[in-house]
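Just below is one structure, and these are the notes that go with it.
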Amino acid sequence: MRRIMEKKNFIDALLQHTRRPDGFFGRMMLRGMNNGHAPLARWGLAHIDWQPHWSVLDIGCGGGATLLRLLERCPDGMVCGVDASPESAAFSRRKTAKYAGRCSVEQATADDLPYGDRAFDAVTAFETVYFWEDLPRTFGEVARVLKPGGIFLICCEMSNPENRTWSDRIEGMTIHAPETLAALAREAGFTDIAIDRGRREHCCITARIPARQSGTTD
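Each residue of the sequence shown is one higher than the last, beginning at 0 in numbering that gives the first Met the number 0.
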């Protein structure tokens, strides 16, 4: 029984690195997430008609695998990533080093994005919304940095708040229903909001900033 408890405690400690990777085990987790989240990333990215010249931001860029996919889809554009974890930001920079001329990664939280207004054509968020501490403010930040007509893409493997298999074990993790996220997007000024449900609990939400916002002339 003691060995079982020690093993459980070790696994629970390891799982905390899904939220804020750090050190050796954090790097192990980032490599695992790069591989394990690949099917979700491919499915989610297929919801958008990517344009070669777009500037794109990936929130919670983790191990940098999504940044590479975005660089492939926007070969003439700029791709940026942010992550609250210093380990993740450093890992992503190494992962995308050969694209340094058109890819940058910053350590930052989702509710305080270090970019100017109307900087991006699209913003993506894969497997990270669970850890956003201030959802309304974060949705407002995303709306701020998107250009008129810009798209916000959220993809999650878990979308049933009643399933607490992982959220009870990972500190600071909250699973949100897609309808809750869609409502927050609407409150932040997004339109054309769509929810697509995949296998198991997988879900993808797309939302768009109106092409012409009130008070603008361009």
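Yeah, the Cβ is synthetic: ideal placement off N, Cα and C, and Gly gets one too.
- Contact annotation, S84 with L66: C-beta distance approximately 15 Å; criterion of less than 8 Å not satisfied.
- For D75, the CB contacts under 6 Å within the same chain, skipping 5 residues up- and downstream, are P51 and H52 in chain order.
- With fewer than three CB-CB distances shorter than 8 Å, the segment 127-146 does not count as touching the segment 87-101.
- Around the beta-carbon of R68, 16 or more other beta-carbon atoms lie within 10 Å, marking it buried.
- At the C-beta level, D120 and L145 come within 9 Å of one another.
- Between V81 and C60, the CB-CB gap stays under 9 Å.
- Burial is judged here by how many other beta carbons sit within 10 angstroms of a residue's own beta carbon; P38 has fewer than 16 and is exposed.
- In the structure shown, A99 falls within a coil segment according to DSSP collapsed to helix, strand and coil.
- Checking the DSSP bridge columns, you'll see C203 partnered with C154 and D195.
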